[in-house]
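In our numbering, the protein residues as written are 50 to 178.
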């Protein structure tokens, strides 16, 4: 993995974005359109968390109004932001220590740039060989 930067990976697949103010029904429709992946919840261009089917099912099981509840109130905020210029090798200790639910790539301005999926990690391992 030496020399493999976050920007070397394909980070535009396996996710879609949604706003903090979108409803859980909006999120469900977007998730259904994804073959696999997550929704990255954005406040303008800044990532605030992620939504998966787990958060939607939890809200549904709790009896929440899926048409009225907003994504921002149900997102998983256990995310780690990494810069596009970061080398994956340098991130391994923090990844191992934190074990975040999602890894989100950001540019130098801190704007969301992509979702770093488990498949991306496997791809990086192959690139580093």
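Where is the CB? At the ideal position from N, CA and C, for every residue including glycine.
Opposing strand residues paired with residue i [DSSP bridges]
i           : result
residue 129 : 152
residue 112 : Beta-bridge pairing links residue 112 to no other residue.
residue 54  : 136
Residue i versus residue j - alpha carbon distance
i           : j           : result
residue 130 : residue 141 : 13 Å
residue 170 : residue 113 : 35 Å
residue 58  : residue 176 : 9 Å
residue 133 : residue 52  : 13 Å
residue 63  : residue 91  : 16 Å
residue 85  : residue 157 : 28 Å
residue 143 : residue 70  : 31 Å
residue 168 : residue 174 : 10 Å
Contacting residues, own chain, Cβ-Cβ under 7 Å from residue i (five flanking each side not counted)
i           : result
residue 104 : 123, 124, 125
residue 163 : 60, 61, 154
residue 116 : 72, 74
Beta-carbon contacts of residue i that lie in its chain and below 6 Å, excluding the five residues immediately before and after
i           : result
residue 135 : 55
residue 77  : 105
First through last residue of the beta strand (DSSP E) which encompasses residue i
i           : result
residue 88  : 87-92
residue 96  : 95-100
residue 135 : Segment: none, residue 135 is in no beta strand (DSSP E) and carries neither H nor E.
residue 65  : 64-68
Sequence-distant residues of its chain with Cβ nearer than 8 Å to residue i (five each side left out)
i           : result
residue 150 : 99, 125, 127, 128
residue 118 : 72, 73, 108
residue 88  : 64, 65, 66, 67, 76, 79, 80, 99, 100, 101, 120
First and last residue of the uninterrupted alpha helix (DSSP H) at residue i
i           : result
residue 162 : Not the alpha helix (DSSP H): residue 162 falls in the beta strand (DSSP E), residues 161-165.
residue 158 : Note, residue 158: premise wrong, no alpha helix (DSSP H); not H, not E.
residue 80  : 73-82
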